[in-house]
Each structure stands twice: as structure tokens, then as C-alpha cells.
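So for the sequence shown, this note's numbering puts the first residue at 4; every next one is plus one.
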Amino acid sequence: MQIILKTIAYRPFKRRGVFDVAKDKDHPFTIAAKQLLIEVIGTSFNVNATIPDSTTVVVYSGMVKITDKQTNDTFLIHKNESITVYLAQGISAKKTVTASTNTISWKTNIYEFEKKKLKDVFPILEKGYNTAFTVQNPEILEYELSAVFDNQDIEVVLEILKQTFNIEYAMHNGVYVFEMKNQ
Numbered sequence: 004m005q006i007i008l009k010t011i012a013y014r015p016f017k018r019r020g021v022f023d024v025a026k027d028k029d030h031p032f033t034i035a036a037k038q039l040l041i042e043v044i045g046t047s048f049n050v051n052a053t054i055p056d057s058t059t060v061v062v063y064s065g066m067v068k069i070t071d072k073q074t075n076d077t078f079l080i081h082k083n084e085s086i087t088v089y090l091a092q093g094i095s096a097k098k099t100v101t102a103s104t105n106t107i108s109w110k111t112n113i114y115e116f117e118k119k120k121l122k123d124v125f126p127i128l129e130k131g132y133n134t135a136f137t138v139q140n141p142e143i144l145e146y147e148l149s150a151v152f153d154n155q156d157i158e159v160v161l162e163i164l165k166q167t168f169n170i171e172y173a174m175h176n177g178v179y180v181f182e183m184k185n186q
């Protein structure tokens, strides 16, 4: 659905998306996500409006202008910056972010990990594969993984983890349970 207001095309947005938009002064690209207006100024960026009380914008290249429709506060977000806006509290401080393949892995199904502890890897995989993990031995969470999973099925990923760390896994009540071998 598209609504035209004062020659500006607003695209109402309630989900999550990655955009790569060329600069066009005559036809600005603006996204309305909850109380935010996100005006594109030639860039690629990610909008996550899936969390009920907040919206997060991450800019990968270029710049976007964000306006809080409730307060009229405006921020410019540049490459490698993000901002989260909470419905009740307004715009939070800008943060510098490291561009990561995993930020949009839900779209690309490509996961990259470089010396990441499994305690940081598991939440990303759980979200991307819409599944749940639990561990019987907390030391498993401290193991470091360096790997790239490019369009791999979850079972392939789990087998790689099993072989790499000499651990076992099994599905119990819809949850993958990891434990040390021979325990």
C-alpha cells in the first residue's frame, strides 16, 4: 500500500526489511515505521519494526534522515551507525555498529562467525532458523567458532558444531539440546 502526501511517497512499514536505494531528490523515498519517518538519502539500510515497542534502523552505506513523528526530533544516521526508537521514550542515542553479515542473515541465510563464543552464536542461529537451543554443560557456551554457513540446512550446521567441538545434540520437545560427549 502506498499513500501520497504532498508529493512525497510514504510507504507504511510494520515488519523488517533491507533497502538499497539510489539518491533521487525529485522522488524521495520515505518509509513510515510506527512513529518514525525514515527518509532515504542514497543508502543501504535495515529497518526492524518487528518488536512491538521499538524500531531500529542500521545504516550500511550512505545516510538516512529519521524523524520522530510524535516529537519532530530529527537525526541523521550515517554509515555504520544505528539508532533505536522506543515508543514511550523517543529516540535513543546513536550507536556505532560494525557492519556484519549476520545483521541481515535472516534475509540472506548466510552466517559468518569469527572467533565468536557459542553463547553469542546460538541466539543468532536460533533466530535465523526459528528454533531453540539449550545446553546441558555451560562450558559449551564458551567454545569459540570461526565458520561461514552459506544457505546451509540447520542439520548441516549442527553436524558441523558436533564435529568441531566433539559434542552431542538431540531434539527434545522441539528444542535442540547440546551436551558433552559421553556424559
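Glycine included, every Cβ here is placed at the ideal spot set by N, Cα and C.
The Cβ atoms of Glu129 and Val151 do not sit closer than 8 Å to each other. Secondary structure of Ile127 (DSSP, three-state): helix. Of the residues assessed, Gly177 falls on the exposed side of the cut-off, its CB having fewer than 16 other CB atoms within 10 angstroms.
Of the residues Glu142, Lys72, Thr137, the one whose Cα lies closest to the Cα of Lys120 is Glu142. In the displayed model, Leu90 falls within coil according to three-state DSSP, outside both helix and strand.
For Ile113, DSSP records a beta bridge to Asp153. Judged by DSSP in its simplified three-state form, Tyr146 adopts coil rather than helix or strand.
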